[in-house]
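K.L.:
Structure provided below as structure tokens; questions to follow.
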Amino acid sequence: MSHSATGPQPTDADRSAAEPGQVDAGARGRVDGGVPGPGVDAPLFSARLRPDLDEALEAFAARGRLLVGLDFDGVLAPIVVDPTTSRMLPASADAVARLSALPDVEVVLVSGRDAEDLAALAGLPTGSRVVGSHGAQWGRVVTTPGGGAGLESDGVELSESQAGLKAELLRETEALADGVDGAWVHAKPAAVVLHTRPADPAAAEALTERVLAGPAARDGVHVLVGKQVVEMAVLEVTKGDAMVQLRQSLDVDAALYIGDDTTDEDAFVVLDATAHDLTIKVGEGPTAAAYRVTDPDEASAVLLRLVELLEASRSPAGHEQDSRSSPEV
Ligand SMILES: [Mg+2]
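Heads up: the sequence shown begins at 0 in numbering that gives the first Met the number 0, then just goes up one per residue.
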């Protein structure tokens, strides 16, 4: 991902040819005091951060093992009309790749999206941790045989009773949907989903009512009703549950979470500012986060500032420094 720190110093032409995320060791020294790095199109970042947020970032960066939890839509990637076309801002992709390469920094995307879809479209470095479906799906980004990005799923741990409940939901929902043209049932790792989109509207409505009154009404089932979709989950997890679990399993000293939506509030409230945890809301609206930035461009600025602070004090993982390393590294 990065050039060896011991190789010949890259020329300016090499630097300008670098793709976002391919930041060479020589360029690191240049990215200081608000000079965007290669592929960075955000305005000068340090000048855009409020002094109190900058101080909080410094305090966070001074802790030992760090967890950086990031929502995707509305934080790393601007919201777009067609969610299948979402992409990280180049500056954020650059920052995420560089943070991921640092020792004792764990970067995790925590999204409501399906984890596999997210892994495929997010443009994350291989090995990145992804938590999808608001905490119900866990995995890591892998390179697929075709050269794209896929997910190596950690699987979902259901208790015996949850697994039994899911099997019952599947059986009952399939029985109800059977014979309704265009209706189909889909089993997710921790949920059963009824789809009625292609069905006749009256038949779809009648089937939906039967499912809501039947399997969906069972104890322990968490129901989400969407447009021509009924999702029945046997696990109720939140982004907050995910952050608590990540914090414990990764044994970190401090955690940062950046999010833009109401479901991100669950993550904000479980973090602890007195332990130098840092919470940042993107955009308007009430929030439990300690800090706020206006948009994904400013979220990029925060991440680049964190990169700057951490690269000044830590070496990228897997790159032993030697006497020929640049002195500022
Ligand atoms: Mg979001």
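Think of the CB as a built atom: it goes at the ideal place given N, C-alpha and C, for glycine as much as any other residue.
#1: Assuming contact is defined by CB atoms lying nearer than 8 Å, are Thr286 and Phe267 in contact in what I supplied?
#2: Given this structure, state the Cα-to-Cα distance separating Glu105 from Leu245, to the nearest angstrom.
#3: Since Val281 and Asp259 should fall inside the 8 Å C-beta cutoff, what is the C-beta to C-beta distance between them, to a whole number of angstroms?
#4: According to DSSP, which residues form a beta bridge with Lys187?
#5: If we ignore side chains and look at the alpha-carbon of each, how far apart do Val107 and Gln227 end up?
#6: Strictly closer than 5 Å from CB to any heavy atom of ligand 1: give me those residues in the order they appear in the chain.
#7: Quick check on Gln247: does DSSP put it in helix, strand or coil?
#8: Given this structure, state the Cα-to-Cα distance separating Leu164 from Val243, to the nearest angstrom.
#9: Are Ala272 and Ala289 touching if we call contact CB-CB under 8 Å?
#10: Which residue spans inside the stretch 235-291 form an unbroken alpha helix (DSSP H) run of at least 4?
#11: Hey, would you say Leu175 sits closer than 8 Å to Ala186, going by beta carbons?
#12: Please work out which residues of its chain come closer than 7 Å, Cβ to Cβ, to Gly213, disregarding the five sequence neighbours upstream and downstream, and give them in chain order.
#13: DSSP three-state call for Gly154: helix, strand or coil?
P.N.:
Once the coordinates are examined:
#1: yes
#2: 9 Å
#3: 4 Å
#4: Ala190
#5: 32 Å
#6: Asp70, Asp72, Gly73, Asp259 and Asp260
#7: helix
#8: 26 Å
#9: Judged by beta-carbon spacing, Ala289 lies within the 8 Å limit of Ala272, meaning their Cβ atoms are closer than that value.
#10: 238-248 and 264-269
#11: No, these two residues do not count as a Cβ contact at 8 Å.
#12: Excluding residues within five positions, the ones whose Cβ falls inside 7 Å are Glu171 and Leu175.
#13: coil
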